[in-house]
Amino acid sequence: MMRRALVNKLALPTRTVATRRFYSAQPANPTTQFYKTFTRPVAKVLLVAVFTYQVCYWSWVKLEADEMKRETDASIADLEKAVNEYQESKSGKK
0 MMRRALVNKL
10 ALPTRTVATR
20 RFYSAQPANP
30 TTQFYKTFTR
40 PVAKVLLVAV
50 FTYQVCYWSW
60 VKLEADEMKR
70 ETDASIADLE
80 KAVNEYQESK
90 SGKK
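One point on numbering: in numbering that gives the first Met the number 0, the residue at position 41 of the sequence shown is 40, and numbering is uninterrupted.
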């Protein structure tokens, strides 16, 4: 019997629970209660919103850079073509 009580005591530690006397304590401030309740959810929503904004912004910048690179490459190709045509016309006249 003693062994069983010892095993139960070691296996499941008991936790003391502090009791609160509601008649002697002052009621919680509504502002404090609001922040205790909603701080973590609001922080999570803000964190997800900032992350989503950053992903969208990065994607937009990447697409803009790709578009500018394509336009620049096309412009360079047109200029190279014009230079080659000019060189051919110059060499053909000689």
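All C-beta atoms, glycine included, are put in the ideal place defined by N, C-alpha and C.
On the three-state DSSP scale, how would you describe Asn83? If DSSP states are grouped into helix, strand and coil, Asn83 belongs with the helices.
On the three-state DSSP scale, how would you describe Pro26? coil
Which residues in the same chain have their Cβ closer than 8 Å to the Cβ of Thr51, if we skip the five residues on either side of it in sequence? none
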